[in-house]
Amino acid sequence: MSLIQVNDLITIAKMSGTPYLIVEGVDDIPIYDKIKNLNSLDIEIYASKQLDGIEPGCKGVERAIDILNATFTEGLATKYVLGVMDKDVKDFRNEIRSLQNLIYTPYYSMETHLVSNQIVLKIISNFIRSPEALIDRLIVEKFFIFFQEKSFDLYKISLDALKNSTQRNYPNIYSYSDSYQELKNKRKLELLNEINIPLGEFESSLNLNHSIEALKKICKGKWFLSFFCEILALYINTELKNCNCDSERSPCSMCIIQNNTECLYKIKSDLAVNKDTIRTTLVAMSEHGDFSFLIQRIHENLFAA
Numbered sequence: 006m007s008l009i010q011v012n013d014l015i016t017i018a019k020m021s022g023t024p025y026l027i028v029e030g031v032d033d034i035p036i037y038d039k040i041k042n043l044n045s046l047d048i049e050i051y052a053s054k055q056l057d058g059i060e061p062g063c064k065g066v067e068r069a070i071d072i073l074n075a076t077f078t079e080g081l082a083t084k085y086v087l088g089v090m091d092k093d094v095k096d097f098r099n100e101i102r103s104l105q106n107l108i109y110t111p112y113y114s115m116e117t118h119l120v121s122n123q124i125v126l127k128i129i130s131n132f133i134r135s136p137e138a139l140i141d142r143l144i145v146e147k148f149f150i151f152f153q154e155k156s157f158d159l160y161k162i163s164l165d166a167l168k169n170s171t172q173r174n175y176p177n178i179y180s181y182s183d184s185y186q187e188l189k190n191k192r193k194l195e196l197l198n199e200i201n202i203p204l205g206e207f208e209s210s211l212n213l214n215h216s217i218e219a220l221k222k223i224c225k226g227k228w229f230l231s232f233f234c235e236i237l238a239l240y241i242n243t244e245l246k247n248c249n250c251d252s253e254r255s256p257c258s259m260c261i262i263q264n265n266t267e268c269l270y271k272i273k274s275d276l277a278v279n280k281d282t283i284r285t286t287l288v289a290m291s292e293h294g295d296f297s298f299l300i301q302r303i304h305e306n307l308f309a310a
C-alpha cells in the first residue's frame with residue numbers, strides 16, 4: 006500500500022463516503038479493526054506512519070490532525086477524520102488539547118482499555134467448563150476485589166513514576182521507561198516504602214487514592230496489562246473453586262444435583278491457565294474491552310447527520 010498524502014484523506018473520504026480513524030501505531034490496527042467489526046462501524050483505519058511525511062506515534066497523529074485543521078474548514082475536518090491518542094500522563098502535565106477531531110483515551114492507554122467486566126467474563130468462560138451465559142456475575146465482581154487487593158504495590162510504583170514524569174529533580178525509584186520485570190525488584194520496593202509520606206502528599210495533591218479507576222489512569226498500559234494477566238491467572242487457579250464451596254455464589258447445574266465431580270466451574274482439563282494463555286485469550290477477544298468512549302465519539306463526529 007502506497008503512502009497517502011494527509012490532505013488527500015478528506016477528498017478520499019468525501020468521495021467514498023467512508024470516514025477515517027488515525028491511530029498511533031500499525032500494531033494497533035487489528036484491535037481497532039475488531040472494534041469496528043463488532044460495532045458495525047463503516048470507517049477506514051490508518052496508522053499515522055501510513056501517511057506521507059508523518060511519523061508514527063502520538064506526535065504523528067497530532068501532526069496529521071493539525072495539517073487537516075489548517076487546510077480544511079472545521080466542519081469538513083471533523084466530519085471525515087478522527088485522531089485517537091493515548092492519554093498517558095498528558096492530563097497531569099496539562100498537555101491535553103481541546104480539538105473536536107482528536108480524542109484521548111480516558112485511561113493511560115488503549116492497552117488499559119482492553120480490560121473490562123465483559124473481557125474478564127469471557128476469559129474465565131474460556132478456561133472453565135461453564136458456558137458464559139451460566140456463569141454467576143458475582144465471580145467477575147469478586148475478581149476485581151481480588152485485583153485491587155493485590156495491586157497496592159503497582160499503584161505506589163505508578164505514583165512514583167508519575168511524580169518523576171511531572172516534577173523536575175524528583176529522586177525517583179521508578180520510571181515509565183522501566184520494563185514490567187523491573188517492577189519486581191524487591192530492593193526497589195523497599196526503597197519505595199521508605200518514601201511513603203512524600204508520595205502520600207503528592208497523591209493527595211492530585212485527589213488520587215488506591216482504586217482500580219485511579220490505577221487505570223496512572224499505570225503504564227503495558228504494566229497494567231501484564232499485571233492483569235498474572236492476577237487473573239492466579240484468581241482462576243486459586244480462588245475460582247467448585248461452585249458449591251462458595252456460599253455467596255449460585256451453584257452450577259451439576260452441583261445443584263450433588264454431582265460435584267462434574268462441577269462446571271472446574272478448569273478444563275486440556276487448558277493451562279497462566280499469564281501467557283490469559284494474554285493470548287485477551288488479545289483474541291480484544292474487541293470486548295472498554296471502548297464505549299471511542300464508539301460514542303465516532304458516532305458523534307463521523308456519523309453525525
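Take this note's numbering: the final residue in the sequence shown is number 310, and no numbers are missing along the way.
By construction, the Cβ of each residue, glycine as well, lies at the ideal position given by its N, Cα and C atoms.
Bear in mind the structure is a predicted one, so any value in this text is a computation, not a measurement.
Could you spell out where the beta strand (DSSP E) holding residue 51 opens and where it closes? What you label residue 51 is simply residue 46 of the sequence shown in a count that begins at 1. Residue 51 -> beta strand (DSSP E) spans 49–52.
Return the CA-CA distance between residue 125 and residue 75, expressed in angstroms with no decimal places. As a first step, residue 125 is located in the sequence shown; it is residue number 120 there, counting from the start. As a first step, residue 75 is located in the sequence shown; it is residue number 70 there, counting from the start. Cα to Cα, residue 125 sits roughly 43 Å from residue 75.
Short of 6 Å in beta carbon distance, which residues of its chain neighbour residue 327, apart from the five on each side in sequence? Order them along the chain. Here the chain comprises residues numbered 6 to 310, so residue 327 is not present and cannot be evaluated.
When you compare the CB of residue 147 with every CB in chain B, is at least one pair closer than 7 Å? Here chain B cannot be found, since the structure has a single protein chain.
Would you identify the three-state DSSP class for residue 88, choosing helix, strand or coil? Numbered from 1 along the sequence shown, position 83 holds the residue referred to as residue 88. For residue 88, the three-state secondary structure derived from DSSP is strand.
So the beta strand (DSSP E) residue 108 belongs to, where does it begin and stop? Along the sequence shown, one-based indexing puts residue 108 at 103. Counting along the chain, the beta strand (DSSP E) containing residue 108 begins and ends at 107–109.
Could you give the distance in angstroms between the alpha-carbon of residue 186 and the alpha-carbon of residue 84? If you number the sequence shown from 1, residue 186 lands on position 181. If you number the sequence shown from 1, residue 84 lands on position 79. Cα to Cα, the separation comes out at about 43 Å.
Tell me whether the stretch 93–104 and the stretch 30–40 touch, counting them as touching only if at least three CB pairs, one residue from each stretch, are closer than 8 Å. At 8 Å Cβ cutoff, the stretches do not touch.
In chain order, which continuous runs of the alpha helix (DSSP H) of length 4 or greater are located wholly inside the stretch 134–175? For secondary structure counted as the alpha helix (DSSP H) over 4 or more consecutive residues, the stretch 134–175 holds these complete runs in sequence order: 143–155, 157–171.
Excluding the 5 residues preceding and the 5 following residue 140 in the sequence, name in chain order all residues of the same chain whose CB lies nearer than 7 Å to its CB. Within the sequence shown, numbered from 1, the residue matching residue 140 stands at position 135. Result list for residue 140: 126, 129, 130, in chain order.
If you check the beta carbons only, do residue 121 and residue 294 fall under 7 Å apart? Locating residue 121 in the sequence shown gives position 116, counting from the first residue. Locating residue 294 in the sequence shown gives position 289, counting from the first residue. In contact: residue 121 and residue 294 (Cβ atoms closer than 7 Å).
Between the stretch 148–155 and the stretch 287–302, are three or more C-beta pairs nearer than 8 Å? Per the Cβ contact rule, the stretch 148–155 is not in contact with the stretch 287–302 (fewer than 3 Cβ pairs under 8 Å).
Taking a contact to mean a Cβ-Cβ separation below 7 Å, would you say residue 197 touches residue 223 in this structure? Translated into the one-based positions of the sequence shown, residue 197 becomes position 192. Translated into the one-based positions of the sequence shown, residue 223 becomes position 218. Cβ atoms of residue 197 and residue 223: not closer than 7 Å.
Report the three-state DSSP secondary structure of residue 200 (helix, strand or coil). Walking along the sequence shown from the start, residue 200 turns up at place 195. If DSSP states are grouped into helix, strand and coil, residue 200 belongs with coil.
So is residue 67 buried or exposed if we call it buried at 16+ other beta carbons inside 10 Å? Indexing the sequence shown from 1 puts residue 67 at position 62. Its Cβ being crowded by 16 or more others within 10 Å, residue 67 is buried.
How far does the beta strand (DSSP E) with residue 26 in it extend, from its first residue to its last? Reading the sequence shown from its first residue, position 21 is the one you call residue 26. Residue range 25–28 is occupied by the beta strand (DSSP E) that includes residue 26.
Give the straight-line distance between the Cα atoms of residue 282 and residue 216, rounded to the nearest whole angstrom. Within the sequence shown, residue 282 is the residue found at index 277, counting from 1. Within the sequence shown, residue 216 is the residue found at index 211, counting from 1. Spanning the alpha carbons of residue 282 and residue 216 requires a straight line of approximately 26 Å.
Whether residue 77 touches residue 15 by CB criterion (7 Å): Locating residue 77 in the sequence shown gives position 72, where the first residue counts as 1. Locating residue 15 in the sequence shown gives position 10, where the first residue counts as 1. Yes. Within cutoff.
Threshold first: 4 residues or longer. Then list the alpha helix (DSSP H) segments lying entirely within the stretch 225–286, N to C. For the stretch 225–286, whole alpha helix (DSSP H) runs of length 4 or above, ordered along the chain, are 226–239, 258–261.
Going by beta-carbon coordinates alone, are residue 232 and residue 111 separated by less than 7 Å? The sequence position of residue 232 within the sequence shown is 227, counting from 1. The sequence position of residue 111 within the sequence shown is 106, counting from 1. For the pair residue 232 and residue 111, the CB atoms are not nearer than the 7 Å cut-off.
For my contact list, residue 36 and residue 115 are in at a C-beta cut-off of 8 Å; report their separation, rounded to the angstrom. The residue you call residue 36 lines up with position 31 of the sequence shown. The residue you call residue 115 lines up with position 110 of the sequence shown. The pair is a contact, with the Cβ atoms about 7 Å apart (cut-off 8 Å).
Of the choices 154, 280, 204, 146, whose alpha-carbon is the least far from that of residue 169? In the sequence shown, the residue the question calls residue 169 occupies position 164. Ranking 154, 280, 204, 146 by Cα distance to residue 169 puts 204 first.
State the beta-bridge partners of residue 217 as determined by DSSP. Here residue 217 refers to the residue found at position 212 when the sequence shown is read from its first residue. According to the DSSP secondary-structure assignment, residue 217 is paired through a beta bridge with no residue.
Given a cut-off of 7 Å, decide if residue 236 and residue 132 are closer than it, judged by their beta-carbon atoms. By 1-based counting over the sequence shown, the position of residue 132 is 127. By 1-based counting over the sequence shown, the position of residue 236 is 231. Note that the C-beta distance between residue 132 and residue 236 is not below 7 Å.
For residue 55, the first and last residue of its enclosing alpha helix (DSSP H): Within the sequence shown, residue 55 is the residue found at index 50, counting from 1. For residue 55, there is no enclosing alpha helix (DSSP H), as DSSP marks it with neither H nor E.
Out of 87, 97, 117, state which residue places its alpha-carbon closest to the alpha-carbon of residue 107. Within the sequence shown, residue 107 is the residue found at index 102, counting from 1. Ranked by Cα distance from residue 107, the first of 87, 97, 117 is 87.
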